[in-house]
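Enquirer: Okay, handing you the structure first.
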Amino acid sequence: MPVQLTRSLADFQSKISAADRNRLFVVDFFADWCGPCRFIAPIYEQFSSRFTNATFLKVNVDNSPDIRQQYGIRAMPTFVLIKQGLEVERIEGANPQALELAINRHYSSTPANPNAAADHERRFLQQFIPQLEKVRLYSDIVYKTLALSLIPADDLRKQATSENGTLSHFQLAKGLLNWFKTDFFSWCDSPVCEACGNQTPKGSGLNGTPTPEEKESGADRVEVYLCSCGQEVRFPRYNDPAKLLETRKGRCGEWANCFALMATAMDFDVRFVYDVTDHVWVELWIPEFDNWVHCDPCENVIDKPLLYEKGWGKKLSYVIAFGADHVYDVTWRYSLDHKKTLRRRTKVREPVLSNFLSKLNARLGADMTPTRAKEMRRRRVKELVEFLLVGKRKDTGETYGGRTSGDVQWRKARSELGCCSKTEPIVITLNQEEIANKKFSLEYSCTDDNYVRGHEVIKGWRTYANCSGSVQRKVDEELNKPLMIRMPTYACVGWLRSLKMRR
Numbered sequence: 001m002p003v004q005l006t007r008s009l010a011d012f013q014s015k016i017s018a019a020d021r022n023r024l025f026v027v028d029f030f031a032d033w034c035g036p037c038r039f040i041a042p043i044y045e046q047f048s049s050r051f052t053n054a055t056f057l058k059v060n061v062d063n064s065p066d067i068r069q070q071y072g073i074r075a076m077p078t079f080v081l082i083k084q085g086l087e088v089e090r091i092e093g094a095n096p097q098a099l100e101l102a103i104n105r106h107y108s109s110t111p112a113n114p115n116a117a118a119d120h121e122r123r124f125l126q127q128f129i130p131q132l133e134k135v136r137l138y139s140d141i142v143y144k145t146l147a148l149s150l151i152p153a154d155d156l157r158k159q160a161t162s163e164n165g166t167l168s169h170f171q172l173a174k175g176l177l178n179w180f181k182t183d184f185f186s187w188c189d190s191p192v193c194e195a196c197g198n199q200t201p202k203g204s205g206l207n208g209t210p211t212p213e214e215k216e217s218g219a220d221r222v223e224v225y226l227c228s229c230g231q232e233v234r235f236p237r238y239n240d241p242a243k244l245l246e247t248r249k250g251r252c253g254e255w256a257n258c259f260a261l262m263a264t265a266m267d268f269d270v271r272f273v274y275d276v277t278d279h280v281w282v283e284l285w286i287p288e289f290d291n292w293v294h295c296d297p298c299e300n301v302i303d304k305p306l307l308y309e310k311g312w313g314k315k316l317s318y319v320i321a322f323g324a325d326h327v328y329d330v331t332w333r334y335s336l337d338h339k340k341t342l343r344r345r346t347k348v349r350e351p352v353l354s355n356f357l358s359k360l361n362a363r364l365g366a367d368m369t370p371t372r373a374k375e376m377r378r379r380r381v382k383e384l385v386e387f388l389l390v391g392k393r394k395d396t397g398e399t400y401g402g403r404t405s406g407d408v409q410w411r412k413a414r415s416e417l418g419c420c421s422k423t424e425p426i427v428i429t430l431n432q433e434e435i436a437n438k439k440f441s442l443e444y445s446c447t448d449d450n451y452v453r454g455h456e457v458i459k460g461w462r463t464y465a466n467c468s469g470s471v472q473r474k475v476d477e478e479l480n481k482p483l484m485i486r487m488p489t490y491a492c493v494g495w496l497r498s499l500k501m502r503r
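Numbering (the UniProt record's numbering), first residue to last: 1 to 503.
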């Protein structure tokens, strides 16, 4: 297994707590300026290839002082061996022979638990760990105060309060979502050059190295663009939601991250939802629904969990929701056909995933009050009952468009344009009455969202329209009025009719 560089104490502890009792952790505490550290580094890599049922970690003491202090590291390199969460031995200095002997003393080649993750499963599960750190920041009192200072909270609450004085949390969520989309945050396909004011070429960003200042604000990667004026323009992908309150721009990751902080500041119980097919959104607990409700801030969409499969055409497999004190698999809320979704879940065995999430929940819920723990158990049971659906969900006839946020070519490359990207067109076949009368009529009402075909009423814009990814029906939240909207760069829509008789 490759050597892993660990930066945060939370990440470090989660790796150890998620392991089975036979797994040995070997931790190399090093410094870039340390000559002996550089000497033993390639040998350490070789050990990681030989001892496959051990996890080899590296900790840069200058970048991770919290981990260094936790283990009282005073010399570099120091190798700490950990098993079952406890330190079992340590080696100070670059002594390959002593390190190898120590590993052999504590190493076991077989997992103690049949549900322990294999190396490839562990690599897959590792992507979920950074999401825990995001959610932890939402509860920070300073972060929430900063967010609340930017939100028109009184206006939003007033708009969501009925004449009898009852606050609708669902309407408050809709209002917050709409304000965030229309007035606060903006999408960034490529950054604007500060030197000349022009937008840099879309899709031309190269991977750069984050500066110390960018890293401090949570940027683990940065895109570098070259403007036509010759200026180099950086687009750091910040993960710190407080920094996003300042920049107010990004793609779906930044949108969901910043909105989750805003919603927490407005006293919502929040989940950050991570889809391994490369999208993120938010869930809010709505008391009057007694349920978690889907919210996608970059699309300004609420309570449409089938948007991604029915609208965008995504093939979901693993969708994980991260709360302040829990983490759950919520794939089934967003799946249209559970059996097909289950067949796509091949990255990790189901018992292994369940075991992994259970361990995370045990750690996250350790400080919950009895009242909170009881409420979270009640919510989870209700949620699991909701997910207990065999086969395919009943189609309610609700219409979903393709993705609207982001450059068209970017969405097309991700196959998220919805029916516009389908290869099979929708073809209308004339029935016997239409052929006999030599008359075909098809009218669409944007207000009612239905077609009238002779005496028949058919629900939904997308039922007959081809290429509706570029022309979509949307409801303006402020005016409460349905509208037909088109993409800014191009738009195409068509209806195909066959003259063959329906049999």
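C-beta: ideal position from N, C-alpha, C; glycine also.
On a predicted model such as this, the values are computed, not experimentally measured, just so you know.
Going by DSSP, what residues sit across from T78 in a beta bridge?
Expert: Looking at the DSSP assignment, T78 forms a beta bridge with F29, E92.
Enquirer: Only counting the same chain, and skipping five residues up and downstream in sequence, which positions put a Cβ closer than 7 Å to that of M262?
Expert: Cβ neighbours of M262 beyond the five flanking positions: A147, I151, L176, F180.
Enquirer: Does the beta-carbon of S204 have 16 or more other beta-carbons within 10 angstroms, so that it is buried, or is it exposed?
Expert: So S204 counts as exposed.
Enquirer: With D296 and W285 assumed to form a contact (beta carbons below 8 Å), what rounded beta-carbon distance in angstroms separates them?
Expert: So it is not a contact: roughly 16 Å between Cβ atoms.
Enquirer: Buried or exposed: where does P305 fall if 16 or more other Cβ atoms within 10 Å of its Cβ makes it buried?
Expert: Buried, because 16 or more other Cβ atoms sit within 10 Å of the Cβ of P305.
Enquirer: Distance, Cα to Cα, Y451 vs L430?
Expert: One C-alpha to the other measures close to 15 Å.
Enquirer: Looking at the strands, I want to know which residues DSSP matches up with L342.
Expert: DSSP output for L342 lists no bridge partner at all.
Enquirer: Between which residues of its own chain and P287 is the CB-CB distance below 7 Å, once the five residues before and five after are set aside?
Expert: H169, listed in sequence order.
Enquirer: If I follow the unbroken alpha helix (DSSP H) through I40, where does it start and stop?
Expert: 35-50 is the extent of the alpha helix (DSSP H) around I40.
Enquirer: So what does DSSP say about D329, is it helix, strand or coil?
Expert: Residue state, collapsed to three classes: strand.
Enquirer: Would you mind working out which of D32, W33, A31, F56 sits nearest I43, comparing C-alpha positions?
Expert: Closest option to I43, Cα to Cα, is F56.
Enquirer: Among V385, W187, D275, C227, whose alpha-carbon lies nearest the alpha-carbon of L244?
Expert: Among V385, W187, D275, C227, the Cα nearest to that of L244 is on W187.
Enquirer: Quick one: complete alpha helix (DSSP H) runs, 4+ long, within the stretch 244-299?
Expert: Fully enclosed alpha helix (DSSP H) runs of 4 or longer: 252-265.
Enquirer: Where K347 and S317 are concerned, what is the direct C-alpha to C-alpha distance, given to the nearest angstrom?
Expert: Approximately 9 Å, taken between the alpha carbons.
Enquirer: Checking 9 Å against the spacing of the C-beta atoms, do N53 and S108 come in under that value?
Expert: Yes, the pair counts as a contact, with Cβ atoms nearer than the cut-off.
Enquirer: Measure the alpha-carbon distance for C196 versus M376 and round it to whole angstroms.
Expert: Roughly 52 Å between the two C-alpha positions.
Enquirer: So P111 and R23 are supposed to be a Cβ contact under 8 Å. How far apart are they, rounded?
Expert: About 7 Å separates the two Cβ atoms, so the contact holds.
Enquirer: Assuming L442 and Y464 form a contact by the criterion Cβ under 8 Å, report the distance between their Cβ atoms to the nearest whole angstrom.
Expert: 7 Å between Cβ atoms; contact.
Enquirer: CB F29 to CB I67, shorter than 9 Å?
Expert: Yes, the pair counts as a contact, with Cβ atoms nearer than the cut-off.
Enquirer: Would you check if the distance between the CB atom of V327 and the CB atom of L353 is smaller than 9 Å?
Expert: Going by C-beta atoms, V327 is not nearer than 9 Å to L353.
Enquirer: Tell me where the alpha helix (DSSP H) around R122 begins and ends.
Expert: Residues 119-125.
Enquirer: Within its chain, find whatever has a CB closer than 8 Å to the CB of K134; leave out the 5 residues flanking it on each side and keep chain order.
Expert: If we look at K134 and ignore the five residues flanking it on each side, its Cβ neighbours are N239, P241, N257, A260, F272, F322.
Enquirer: Beta strand (DSSP E) containing L226: first to last residue?
Expert: Residues 222-226.
Enquirer: Measure the C-alpha to C-alpha separation of E254 and R237 and round it to an integer number of angstroms.
Expert: When rounded, the distance between both Cα atoms is 8 Å.
Enquirer: Does the beta-carbon of S228 have 16 or more other beta-carbons within 10 angstroms, so that it is buried, or is it exposed?
Expert: S228 comes out exposed.
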